[in-house]
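Numbering (the working numbering), first residue to last: 5 to 353.
Ideal Cβ positions, reconstructed from N, Cα and C, are used throughout, including at glycine.
Given the structure is predicted, the values throughout are model-derived calculations rather than measurements.
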């Protein structure tokens with residue numbers, strides 16, 4: 005059974021699904037300003053003005069990342085360029101987005117079973133784990149800061165871009181690296197009920213902030229969200245509490261603001277811990293392009309960084325703005341609006 009982002013590959017695998025054309029490295033190029041849309045059961049891509057740029061032809065379509073997008077035809081995946089041309093043919097069992105030049109994909113092994121690997125943008129396999137049985141792989145994840153976490157026999161480890169494991173320690177849970185550190189959880193001895201404690205490791209695999217928290221998020225601009233004593237606060241990179249744990253729930257920082265929950269309402273704080281937007285919303289999304297999704301009553305809209313409503317609450321759900329457009333959801337269908345709240349692509353099937 006294929007699980008998302010699983011990593012394994014047969015050495016004998018000889019992929020015939022990659023085009024021979026040369027590819028530019030897309031990691032340093034400008035972002036592709038195309039957005040996936042669905043109409044009449046098929047997916048394509050629009051430009052920022054809402055004009056169809058890649059015809060509606062796919063059974064699913066993902067966002068462009070590093071110049072390529074994963075699309076599905078039937079039950080097989082491939083990658084297209086911004087012109088809608090296949091760079092990697094739709095013969096894959098699974099495809100994740102490219103991150104730092106690599107993507108996790110699923111391929112069919114010689115025995116017909118699903119096997120997974122990391123490929124580069126030319127479709128070449130660059131990471132494989134020949135010594136790991138497929139049934140032992142519980143998941144693999146995107147590369148961040150040169151390292152990716154993998155789940156093997158329900159334990160997490162980190163690999164580099166050659167597939168080499170970092171350190172020997174295995175963790176009960178792990179998050180991605182950011183700001184040079186990654187949150188990890190290990191079981192604590194002496195408890196009748198299983199207890200996991202969260203700490204942070206560096207890129208060499210050394211525990212630099214000892215496991216002591218009930219939960220922990222990634223570092224963003226030097227601060228990480230942690231839970232201790234039933235409340236959330238934020239620590240700095242030496243593990244000292246920078247914002248005291250006083251919140252019932254909290255989000256990671258984004259654009260120097262973080263959503264925090266006090267009793268049953270959400271607001272936003274600054275990196276200094278000041279309440280910038282008072283708790284007043286049912287739910288919030290992190291800030292992106294100076295707007296944050298906010299829920300009032302049963303509907304969603306967007307607020308600016310002062311807390312003023314920028315787009316009226318009218319949608320079933322909203323998502324972060326990306327390159328000037330925000331994805332919204334109404335009646336199960338997805339559309340896009342601009343920052344003035346004007347529809348660019350209607351949320352209709």
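What are the uninterrupted segments assigned as beta strand (DSSP E) that are 3 or more residues long and contained completely in the region 172 to 201, given in chain order? 185 to 191
Helix, strand or coil: which one does DSSP assign to residue 140? On the chain shown, residue 140 is found 136 positions in, with the first residue counted as 1. Here residue 140 sits in helix by DSSP.
Just to confirm the assignment, what range does the beta strand (DSSP E) spanning residue 48 have? Counting from one through the chain shown, the residue named residue 48 turns up at place 44. Per DSSP, residue 48 belongs to the beta strand (DSSP E) from 46 to 50.
Interface flag, residue 271 vs chain B, CB-CB below 9 angstroms: Absence of chain B from the displayed structure is noted, only one protein chain being present.
Determine the extent of the beta strand (DSSP E) in which residue 2 is found, giving its start and end residues. What the structure shows of the chain is the stretch from 5 to 353, and residue 2 is not part of that stretch, so it cannot be assessed.
How far does the beta strand (DSSP E) with residue 96 in it reach, from first residue to last? Start at 1 with the first residue of the chain shown, and residue 96 comes out as number 92. Here the beta strand (DSSP E) through residue 96 covers 90 to 96.
For a test of the three-state rule: what should DSSP assign to residue 241, helix, strand or coil? Position 237 of the chain shown, counted from the start, is the residue given in the question as residue 241. Of the three classes helix, strand and coil, the one that applies to residue 241 here is coil, per DSSP.
Do residue 53 and residue 348 have their C-beta atoms within less than 9 angstroms of each other? As a first step, residue 53 must be located in the chain shown, where it is residue number 49. As a first step, residue 348 must be located in the chain shown, where it is residue number 344. Cβ distance < 9 angstroms, so residue 53 and residue 348 count as in contact.
Go ahead and pull the three-state DSSP assignment for residue 289. For this step, residue 289 is matched to residue 285 along the chain shown. Reduced to three states, the DSSP call for residue 289 is coil.
Would you call residue 233 buried or exposed, if buried means 16 or more other Cβ atoms sit within 10 Å of its Cβ? If you number the chain shown from 1, residue 233 lands on position 229. The residue is exposed, with fewer than 16 neighbouring Cβ atoms inside 10 Å.
For residue 166, does the count of other Cβ atoms within 10 angstroms reach 16, so buried, or fall short, so exposed? Within the chain shown, numbered from 1, the residue matching residue 166 stands at position 162. Residue 166 comes out exposed.
Based on Cα-Cα distance, which residue from 220, 192, 310, 184 lies nearest to residue 209? Here residue 209 refers to the residue found at position 205 of the chain shown. Cα-wise, what sits closest to residue 209 is 184.
Once you ignore the five residues that flank residue 248 on each side, which residues in its own chain have a CB closer than 6 angstroms to its CB? Counted from its first residue, the chain shown places residue 248 at position 244. Once the five neighbours on either side are set aside, the close Cβ partners of residue 248 are 237.
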